[in-house]
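Chemist: In the numbering used here, the protein residues as written are 38 to 175.
Idealized CB from N, CA, C, for every residue including glycine.
Sharing a structure, written as structure tokens. Questions coming.
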């Protein structure tokens, strides 16, 4: 991994840290907003602007994109708990396909792998996704 890639991934990690701290601080609006901003900066840096735009603009991801953006706006307009719940649903719709892909890797972990794989496949296929589509979500 190059130094540039490491710094790009740090945006995502620090954004996740701010989101976690925002939840721990009883849905602090400023920490949640900062986490969202860092996540939205880090994603195009890792994937590239065109892939990020095509990912969020897909027809099957449109509801997830709208609810994710609505959740961010609700957080910014001083409704942090409601905004976080709406945003979480949007993230589930947007990135739920990754759970099925992730379950293939998690299943090889010795003790906790098989139960976690069943849970991830169940959650990932809850939105009507196929478990073995053979196509990566991005």
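Could you say which of 128, 129, 108, 127 lies nearest to residue 119 if we only look at CA atoms?
Modeler: Here the closest residue by C-alpha is 108.
Chemist: Extract the residue ranges of the alpha helix (DSSP H) inside the stretch 48-111, only unbroken runs of 4 or more that lie entirely within it.
Modeler: The stretch 48-111 contains these whole alpha helix (DSSP H) runs: 66-84, 86-93.
Chemist: Whose C-beta lies closer than 8 Å to the C-beta of residue 112 among residues of the same chain, with five residues either side of it excluded?
Modeler: So the qualifying residues of the chain are 66, 69, 70, 73, 120, 121, 124.
Chemist: Tell me whether residue 156 sits in a helix, a strand or coil according to DSSP, three-state version.
Modeler: Three-state result, residue 156: helix.
Chemist: Report back the beta-carbon spacing between residue 55 and residue 117 to the nearest angstrom; my notes put them in contact at under 8 Å.
Modeler: With 8 Å as the limit, residue 55 and residue 117 do not qualify as a contact, their Cβ atoms being about 13 Å apart.
Chemist: Residue 144 and residue 161: beta carbons closer than 8 Å?
Modeler: Contact flag unset, no.
Chemist: Give the single residue among 147, 45, 38, 129 whose Cα lies nearest to the Cα of residue 159.
Modeler: Ranking the options by Cα distance to residue 159, first place goes to 129.
Chemist: Please report how far the alpha carbon of residue 101 lies from the alpha carbon of residue 47, in whole angstroms.
Modeler: If I take the Cα positions, the gap works out to 24 Å.
Chemist: Is it the case that the Cβ atoms of residue 52 and residue 79 are separated by a distance below 8 Å?
Modeler: Contact flag set, yes.
Chemist: With residue 130 as the anchor, note down where its alpha helix (DSSP H) starts and where it stops.
Modeler: Here the alpha helix (DSSP H) through residue 130 covers 117-143.
Chemist: Rank 114, 41, 92, 157 by C-alpha distance to the C-alpha of residue 137 and give the top, closest one.
Modeler: Nearest of 114, 41, 92, 157 to residue 137, Cα basis: 157.
Chemist: For residue 82, which option in 97, 105, 40, 94 has the closest C-alpha, if you only look at C-alpha atoms?
Modeler: Minimum Cα distance to residue 82 is reached at 40.
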